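Trainee: Protein chains in written order, with the numbering used here: chain A, 1 to 112; chain B, 113 to 229. Backbone N, C-alpha and C fix where the C-beta goes; we use that ideal spot for every residue, glycine too. Predicted model only: the values in this text are computed from it and were never measured. Just dropping this structure here.
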């Protein structure tokens, strides 16, 4: 049973526009959420994270929103750039642990 | 500073054989985790080590094992290989266990591609 779901396998966006990647989770015990970006033949690269005590965290062009009541989080990229084209993974964990539960990823394509 | 280093990067094994994969964490990092990535199941947690002790284990059969050495380097072993073990095996390291600690980012290596024929 998938505890972390990314229901959109792919997303296409024009350069300069906003990219919104979504993630849902089922386990209410998760208290820390992370986004990773992955290029082919490379390992995942950490982007941004958020703890369950917050509802928003920003880092440059990346903002993550958390809606605990809906068990939903989203990653906003503004403005989108062609170099953002990659697979984006949502992951959840318990703060005290290091085991990450990943979604299956969303492939973002940003066209110029 | 050097990132997480995994060896070998690519390997081909035959069903029934065993394989050992190696991981050198970022200098100063003492927590090492392993993940398996397959097209069907995505990224799945295998196990986590800290101070040479396994702290957590994912839902994988006993054929999958690992260990950590005193210098924090880690190895994982898969015995009696099956075709379904073909995957990208990723190692990740962090300074210490726990994802919620400020500054305790989990960094991934580039992975070891295992093909079982």
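Skipping 5 residues on each side, what residues in its chain have a beta carbon closer than 6 Å to that of residue 134 of chain B?
Mentor: Numbered from its first residue, the second chain carries residue 134 of chain B at position 22. Result list for residue 134 of chain B: 119, 187, in chain order.
Trainee: My guess is that residue 162 of chain B and residue 101 of chain A are in contact by the Cβ rule of under 8 Å, so how many angstroms apart are they, rounded?
Mentor: Locating residue 162 of chain B in the second chain gives position 50, counting from the first residue. Locating residue 101 of chain A in the first chain gives position 101, counting from the first residue. Under the criterion of beta carbons closer than 8 Å, residue 162 of chain B and residue 101 of chain A do not qualify as touching, at roughly 19 Å.
Trainee: Look at the alpha carbon of residue 178 of chain B and the alpha carbon of residue 147 of chain B, and state the distance between them as a whole number of angstroms.
Mentor: Your numbering for residue 178 of chain B matches position 66 in the second chain. Your numbering for residue 147 of chain B matches position 35 in the second chain. If I take the Cα positions, the gap works out to 12 Å.
Trainee: Taking the C-alpha atoms as reference points, what is the distance between residue 84 of chain A and residue 108 of chain A?
Mentor: Numbered from 1 along the first chain, position 84 holds the residue referred to as residue 84 of chain A. Numbered from 1 along the first chain, position 108 holds the residue referred to as residue 108 of chain A. Straight-line Cα distance between these residues: approximately 7 Å.
Trainee: I'd like to know whether the C-beta atoms of residue 115 of chain B and residue 215 of chain B end up nearer to each other than 8 Å.
Mentor: Taking the first residue of the second chain as 1, we reach residue 115 of chain B at position 3. Taking the first residue of the second chain as 1, we reach residue 215 of chain B at position 103. Going by C-beta atoms, residue 115 of chain B is not nearer than 8 Å to residue 215 of chain B.
Trainee: Along the chain, where does the beta strand (DSSP E) that runs through residue 160 of chain B open and close?
Mentor: Indexing the second chain from 1 puts residue 160 of chain B at position 48. Element bounds for residue 160 of chain B: 154-162.
Trainee: Can you list the residues of chain B that residue 99 of chain A reaches, using a CB-CB cut of under 8 Å?
Mentor: The sequence position of residue 99 of chain A within the first chain is 99, counting from 1. Chain B residues near residue 99 of chain A: 145, 157, 160, 168, 170.
Trainee: What's the C-alpha gap between residue 195 of chain B and residue 202 of chain B?
Mentor: Position 83 of the second chain, counted from the first residue, corresponds to residue 195 of chain B. Position 90 of the second chain, counted from the first residue, corresponds to residue 202 of chain B. Distance between the alpha carbons of residue 195 of chain B and residue 202 of chain B is about 18 Å.
Trainee: Output yes if chain C places a C-beta closer than 8 Å to the C-beta of residue 39 of chain A; else output no.
Mentor: Among the protein chains in the structure shown, which are A and B, there is no chain C.
Trainee: At least one CB of chain B closer than 8 Å to the CB of residue 86 of chain A: is that the case?
Mentor: The residue you call residue 86 of chain A lines up with position 86 of the first chain. No, because no Cβ of chain B sits closer than 8 Å to the Cβ of residue 86 of chain A.
Trainee: Measure the C-alpha to C-alpha separation of residue 169 of chain B and residue 180 of chain B and round it to an integer number of angstroms.
Mentor: As a first step, residue 169 of chain B is located in the second chain; it is residue number 57 there, counting from the start. As a first step, residue 180 of chain B is located in the second chain; it is residue number 68 there, counting from the start. Whole-angstrom Cα-Cα distance: 14 Å.
Trainee: So residue 132 of chain B is in the beta strand (DSSP E); what residue range does that whole segment cover?
Mentor: Translated into the one-based positions of the second chain, residue 132 of chain B becomes position 20. Taken as a continuous stretch (DSSP letters only), the beta strand (DSSP E) holding residue 132 of chain B covers 131-136.
Trainee: Hey, how far is the Cα of residue 55 of chain A from the Cα of residue 131 of chain B?
Mentor: Numbered from its first residue, the first chain carries residue 55 of chain A at position 55. Numbered from its first residue, the second chain carries residue 131 of chain B at position 19. Whole-angstrom Cα-Cα distance: 44 Å.
Trainee: Provide the residue span of the beta strand (DSSP E) that contains residue 179 of chain B, from first to last.
Mentor: Counted from its first residue, the second chain places residue 179 of chain B at position 67. Per DSSP, residue 179 of chain B belongs to the beta strand (DSSP E) from 176-180.
Trainee: Within the continuous beta strand (DSSP E) that includes residue 78 of chain A, where are the two ends?
Mentor: Start at 1 with the first residue of the first chain, and residue 78 of chain A comes out as number 78. Element bounds for residue 78 of chain A: n/a, residue is neither H nor E.
Trainee: Which residues in chain A have a C-beta closer than 7 Å to the C-beta of residue 206 of chain B? List them in chain order.
Mentor: As a working note, residue 206 of chain B is residue 94 in the second chain. Those are 98, listed as they occur along chain A.
Trainee: Does the count of Cβ pairs from the stretch 68-75 of chain A and the stretch 93-100 of chain A closer than 8 Å reach three?
Mentor: In short, these stretches do not touch, since the Cβ pair count stays below three.
Trainee: Just to confirm, is the Cβ distance from residue 17 of chain A to residue 82 of chain A under 8 Å?
Mentor: Position 17 of the first chain, counting from 1, holds the residue named residue 17 of chain A. Position 82 of the first chain, counting from 1, holds the residue named residue 82 of chain A. In this structure, residue 82 of chain A does not lie closer than 8 Å to residue 17 of chain A by Cβ.
Trainee: Taking 8 Å as the CB-CB cut-off, is residue 164 of chain B touching chain A?
Mentor: As a first step, residue 164 of chain B is located in the second chain; it is residue number 52 there, counting from the start. Not closer than 8 Å to any Cβ of chain A, the Cβ of residue 164 of chain B fails to qualify, so no.
Trainee: Do we get a CB-CB distance below 8 Å when we pair residue 15 of chain A with the residues of chain B?
Mentor: In the first chain, counting from the first residue as 1, residue 15 of chain A sits at position 15. No, its Cβ sits nowhere closer than 8 Å to a Cβ of chain B.
Trainee: Taking CB distances under 8 Å as the criterion, tell me whether residue 220 of chain B reaches chain A.
Mentor: In the second chain, counting from the first residue as 1, residue 220 of chain B sits at position 108. Chain A contact via Cβ: present.
Trainee: Between which two residues does the beta strand (DSSP E) holding residue 118 of chain B run?
Mentor: For the purposes of this step, residue 118 of chain B is taken as the residue at position 6 of the second chain. Note, residue 118 of chain B: beta strand (DSSP E), 117-119.
Trainee: Closest Cβ-Cβ distance between residue 104 of chain A and chain B: below 8 Å?
Mentor: Residue 104 of chain A sits at position 104 when you count from the first residue of the first chain. Taking Cβ atoms only, chain B reaches closer than 8 Å to residue 104 of chain A, which makes this a yes.
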